[in-house]
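> Before we start, here is the structure in question, set down as structure tokens.
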Amino acid sequence: MKYLDEYRDPIAARKLLAEIRRCATRPWTLMEVCGGQTHGLLRHGIDVELEDTVELIHGPGCPVCVTPSEAIDFAQQLAMTDDVILTSFGDMLRVPGSGRSLLDVRASGGRVRTVYSPLDAVDLAKRHPQEEVVFFAVGFETTAPATALAVKQAARDGVDNFSLLVAHVRVQPAMEAIVQLPDNRVQAFLAAGHVCTVMGYESYEPFVDTHKLPVVVTGFEPLDLLDGILAAVRQLESGEARVENQYGRSARREGNIAAQDIVHEVYECSDREWRGFGVIPRGGLRLRDEWGRFDARQRFPAGIALPIVESTLCRSADVLAGRIKPTECSAFGTSCTPESPLGAPMVSSEGACAAYMSYRPRRQPQTT
Amino acid sequence: MNHDEQATWQRHCPVPVPLDGERITLAHGEGGRVMRKFIRESIVSSLGDEVLHSMGDATHLPQIDGRLAFTTDSFVVSPLFFPGGNIGSLSVYGTVNDLAVSGARPLYLALSLILEEGLPLAIVDRVLESVAQAAVATSARIVTGDTKVVPRGMADGLFINTTGVGQLIGPVPPGPSSLCEGDELIVTGPIGQHGIAVMCAREELSLEPPPQSDSGSLVRVAVLLREQLGTRLRTMRDATRGGVTAVLHEWAEASQHTLTISQADIPISPSVRGACELLGLDPLHVANEGTLVAAVEQGFADLALRALHSCPESVGAARIGRVEQRGFAPVTIRRTLGPDQPLDDPTGAPLPRIC
Numbered sequence: 379m380k381y382l383d384e385y386r387d388p389i390a391a392r393k394l395l396a397e398i399r400r401c402a403t404r405p406w407t408l409m410e411v412c413g414g415q416t417h418g419l420l421r422h423g424i425d426v427e428l429e430d431t432v433e434l435i436h437g438p439g440c441p442v443c444v445t446p447s448e449a450i451d452f453a454q455q456l457a458m459t460d461d462v463i464l465t466s467f468g469d470m471l472r473v474p475g476s477g478r479s480l481l482d483v484r485a486s487g488g489r490v491r492t493v494y495s496p497l498d499a500v501d502l503a504k505r506h507p508q509e510e511v512v513f514f515a516v517g518f519e520t521t522a523p524a525t526a527l528a529v530k531q532a533a534r535d536g537v538d539n540f541s542l543l544v545a546h547v548r549v550q551p552a553m554e555a556i557v558q559l560p561d562n563r564v565q566a567f568l569a570a571g572h573v574c575t576v577m578g579y580e581s582y583e584p585f586v587d588t589h590k591l592p593v594v595v596t597g598f599e600p601l602d603l604l605d606g607i608l609a610a611v612r613q614l615e616s617g618e619a620r621v622e623n624q625y626g627r628s629a630r631r632e633g634n635i636a637a638q639d640i641v642h643e644v645y646e647c648s649d650r651e652w653r654g655f656g657v658i659p660r661g662g663l664r665l666r667d668e669w670g671r672f673d674a675r676q677r678f679p680a681g682i683a684l685p686i687v688e689s690t691l692c693r694s695a696d697v698l699a700g701r702i703k704p705t706e707c708s709a710f711g712t713s714c715t716p717e718s719p720l721g722a723p724m725v726s727s728e729g730a731c732a733a734y735m736s737y738r739p740r741r742q743p744q745t746t
Numbered sequence: 005m006n007h008d009e010q011a012t013w014q015r016h017c018p019v020p021v022p023l024d025g026e027r028i029t030l031a032h033g034e035g036g037r038v039m040r041k042f043i044r045e046s047i048v049s050s051l052g053d054e055v056l057h058s059m060g061d062a063t064h065l066p067q068i069d070g071r072l073a074f075t076t077d078s079f080v081v082s083p084l085f086f087p088g089g090n091i092g093s094l095s096v097y098g099t100v101n102d103l104a105v106s107g108a109r110p111l112y113l114a115l116s117l118i119l120e121e122g123l124p125l126a127i128v129d130r131v132l133e134s135v136a137q138a139a140v141a142t143s144a145r146i147v148t149g150d151t152k153v154v155p156r157g158m159a160d161g162l163f164i165n166t167t168g169v170g171q172l173i174g175p176v177p178p179g180p181s182s183l184c185e186g187d188e189l190i191v192t193g194p195i196g197q198h199g200i201a202v203m204c205a206r207e208e209l210s211l212e213p214p215p216q217s218d219s220g221s222l223v224r225v226a227v228l229l230r231e232q233l234g235t236r237l238r239t240m241r242d243a244t245r246g247g248v249t250a251v252l253h254e255w256a257e258a259s260q261h262t263l264t265i266s267q268a269d270i271p272i273s274p275s276v277r278g279a280c281e282l283l284g285l286d287p288l289h290v291a292n293e294g295t296l297v298a299a300v301e302q303g304f305a306d307l308a309l310r311a312l313h314s315c316p317e318s319v320g321a322a323r324i325g326r327v328e329q330r331g332f333a334p335v336t337i338r339r340t341l342g343p344d345q346p347l348d349d350p351t352g353a354p355l356p357r358i359c
């Protein structure tokens, strides 16, 4: 398949692996920011191949994983409210909030629909004028243009029974938060190629200047990842710290201006709680005041806030911050499995725990 | 009669039929004259088997020699029509294939329809036409059935249950617990076709060309494998829900061996591969409806493949892996780079990625 097979060519991959091993005079610690990259690395066994050369720390780039429990609980309350249809991408449905997931809520009578695009939710609202349709807007800057477009389309068509429960997050503030952690070990970042396709990578230039860490914009196929790792290792070996674009076939320095414009028109940056991190300054997006009528938070008064009960066993916060590998969590594969998850990284298709569960041998259940 | 034909017919005949054609009403399932007429004129006449004309409570069947295989399956596919098939043909092939892979010659089917009030009769006709064609193609006779109508909103158009009886023809493959180290694993065609075709149709994903379902009969394929291999054929299974992965996991559990496959050897059509890349799905987890997985004794895969390649239903057959001593995982896969990795059982419904 064109544009795919050439990025999975095993011979070229072996050459790149050899080159990375040749270049690295000492072990380096890299963070791949995006969960899609984590899955690519594990699926193709790249982390194992480079075990002694490069340590890959898995970053927080799984929007579903960092969506706070409170937002999931609120979505569940909405789904159980009369005349409300809650719509969401499928990835969100199995993620546990304080207790249940949206799938559980649906099973007990809540109205939850999976859509492939926020515009489908607007269509649903048009077809059900007597009901309120809420779209659970989760995702990085990659999905924000589509949800912004949905709001604009609803406004244009006079669809006043549509609203968003906004949980959009921004990648770069999270990278800032990680480098400022006292125990940070990251020496270079593989930046998320899809996010940079939308947002560009110009904004990483001051980040690199401040923190003196290489940032390589990287794609998701094995050769993309290996190419990105090689570029980062070369910079580290030569003592450089630059922004480098490995994903040139998709990402440009200025990004997708049209997409940025529409995001900027509808949203503004705001401080945001990240599950496992706490509040990250400017770490999220909120609807601008002029679009407030499409904000589900304004339209529906929050019910009685349930106490947020996070599992004491689940160490997803440490996994998301790159402090531990999923396999270092005592719940991994024992009390926490894809069938019965304690934390979001175990069920999201971009979650690091899910990647280890899929691509690494399962640990036998322990009795203690 | 499809909607277009109906429209043409109405222009010429001033018969008081609703513009969009006659629809199923609760009366079609209430046991009175309307129901009897519907069953006689729409169902029995479409299916064409003379034993149905008696419309008795039960059909009397002739004596069958030997042991029987007996199976049942319900079909709730949405949409009812998809590229490569519809719920009617699917409901026949699904049950017939279950009989065929278990070593039986399909003989008789029961067909139960659950219809939603408001369903256009033209759709029922088209579905039943496909049922009849599929039954003829598999030499299975539909000898009994039932019809129920539920109020609008209580079902999604049409659900079908089929139950099948087949005659076991010896020697029956011994089954997955007989798998030995070295046995070879074969699929009879490109995988993931059905699930992707239905998903693209349901979500109106406009892929060109649209992926086609593999929905079809496995009777000839199963017979061919058994004739060519005899007892060298350990077991076979149609890879429906859960796809090839689910079959391999079941066999690994039954045999306590590791089943290992190689990504490069798995036949996948470009359209399915493209759709899976787009939706973030693994084609190994996606349902098939006319493709089976077979395990054959070491050294007999070439013989099996030569035979399979001569049959139109299995020209795309390929060897995908082998049975090994139980290792670190029940099922493993080799992807672009080594080493072998576990291939996990799918959890829940496959979900698309969100960014």
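So the protein sequences, as listed, match chains P and E. So for the first sequence, our numbering puts the first residue at 379; every next one is plus one. So for the second sequence, our numbering puts the first residue at 5; every next one is plus one. Just so it is clear, CB atoms sit at the ideal spot from N, CA and C, and this is done for glycine as well. Note that the coordinates shown come from a computational prediction; the quantities given were computed from them, not determined experimentally.
Please determine, among P/Thr715, P/Pro723, P/Ala609 and P/Ser726, the residue with the shortest C-alpha to C-alpha distance to P/Ile398.
P/Ala609
> Under 8 Å, CB to CB, which of the residues in the segment 318-343 of chain E have a partner in chain P?
Phe332, Ala333, Arg339, Thr340, Leu341, Gly342 and Pro343
> By alpha-carbon positions, which one of P/Ala528, P/Gly700 and P/Leu419 ends up nearest to P/Ile640?
P/Ala528
> With a cut-off of 7 Å, does the C-beta of P/Tyr385 fall near any C-beta of chain E?
no
> Give, in chain order, every residue of the segment 425-450 of chain P whose Cβ lies closer than 8 Å to some Cβ of chain E.
Val426, Glu427, Pro441 and Val442
> Hey, out of E/Ile47, E/Thr235 and E/Leu263, whose CA is closest to E/Ala126's CA?
The shortest C-alpha separation from E/Ala126 is found at E/Ile47.
> Alpha carbon to alpha carbon, how far is P/Pro446 from P/Ser479? Give it in angstroms, no decimals.
Cα atoms of P/Ser479 and P/Pro446: separation of roughly 13 Å, rounded to the nearest angstrom.
> My output table needs one value for P/Met409: the three-state DSSP class, helix, strand or coil.
strand
> Just the C-alpha distance for E/Cys315 and E/Thr192, rounded to the nearest angstrom, thanks.
If I take the Cα positions, the gap works out to 10 Å.
> Grab me the residues of P/Pro600's own chain with a C-beta within less than 8 Å of its C-beta, minus the 5 sequence neighbours each way, in chain order.
Tyr385, Arg386, Ala391, Gly418, His422 and Ile424
> Show which residues of chain A have a CB atom less than 8 Å away from the CB atom of E/Pro346.
Considering every chain present, this structure includes no chain A. Its protein chains are P and E.
> For P/Ser770, which residues in chain E fall below 7 Å Cβ to Cβ?
The shown model of chain P, from 379 to 746, leaves out residue 770 of chain P, and the question about it has no answer.
> Shorter than 7 Å from the beta carbon of E/Arg156 to some beta carbon of chain P?
no
> Let me see if you follow: with CB-CB separation under 7 Å, is P/His422 close to chain E or not?
For P/His422, the answer is yes, since a Cβ of chain E falls inside 7 Å of its Cβ.
> Answer yes or no: does any C-beta atom of chain E fall closer than 7 Å to that of P/Ala569?
no
> Which residues does DSSP pair with P/Thr753 in a beta bridge?
No information on residue 753 of chain P is available, as it lies outside the stretch 379 to 746 that chain P covers here.
> Let's see if you can read the secondary structure: which residues bound the beta strand (DSSP E) around P/Cys647?
Start and end: Tyr645 to Trp652.
> Excluding the five sequence neighbours on either side, which residues of its own chain have a C-beta within less than 6 Å of the C-beta of P/Pro743, listed in chain order?
Because the pLDDT of P/Pro743 is 46, which lies under 50, any placement of that residue in the model is unreliable, and the number read from its coordinates should be weighed accordingly. The beta carbon of P/Pro743 is closer than 6 Å to those of Thr712 in its chain, skipping five residues each way along the sequence.
> Anything in the segment 283-307 of chain E with a Cβ closer than 7 Å to a Cβ of chain P? List those residues in chain order, please.
Gly284
> In or out: P/Leu382 buried (at least 16 other Cβ within 10 Å) or exposed?
exposed
> Do the segment 691-703 of chain P and the segment 664-671 of chain P make contact, defined as three or more Cβ pairs closer than 8 Å?
no
> Hey, how far is the Cα of E/Arg206 from the Cα of E/Pro83?
Within the model, the alpha-carbon separation for E/Arg206 versus E/Pro83 is close to 6 Å.
> Please state if the CB of P/Val593 and the CB of P/Val549 are separated by a distance shorter than 7 Å.
No, the Cβ-Cβ distance between P/Val549 and P/Val593 is not below 7 Å.
> What are the complete alpha helix (DSSP H) segments, minimum 4 residues, inside the segment 193-226 of chain E?
197-206
> Please state if the CB of P/Val657 and the CB of P/Arg472 are separated by a distance shorter than 7 Å.
no
> Check E/Gln137 in the structure and name its three-state DSSP category.
helix
> Using the three-state DSSP reduction, which class does E/Leu119 fall into: helix, strand or coil?
strand
> With a 10 Å radius around its C-beta and 16 neighbouring C-beta atoms as the bar for buried, classify P/Asp649 as buried or exposed.
exposed
> Grab the span of the alpha helix (DSSP H) containing E/Glu254 for me, first residue to last.
Note, E/Glu254: alpha helix (DSSP H), Gly247 to Ser259.
> So with CB distances below 9 Å, who are the chain P contacts of E/Arg277?
What E/Arg277 touches in chain P: Met379 and Leu382.
> Can you find at least 3 beta carbon pairs, one from the segment 220-227 of chain E and one from the segment 282-291 of chain E, that sit closer than 8 Å?
no
> Express the C-alpha separation of E/Gly35 and E/Thr29 in angstroms, rounding to a whole number.
Spanning the two alpha carbons is a distance of roughly 12 Å.
> Does P/Ser694 come within less than 7 Å of chain E when only Cβ atoms are used?
no
> Should P/Ser713 be flagged as near chain E, meaning a C-beta pair shorter than 7 Å?
no
> Assuming the contact rule is C-beta atoms closer than 8 Å, P/Cys412 and P/Ala570 should be a hit. Round their C-beta distance to whole Å, please.
4 Å
> Please state if the CB of E/Ala258 and the CB of E/Pro180 are separated by a distance shorter than 7 Å.
When the beta-carbon positions are compared, E/Pro180 and E/Ala258 come within less than 7 Å of each other.
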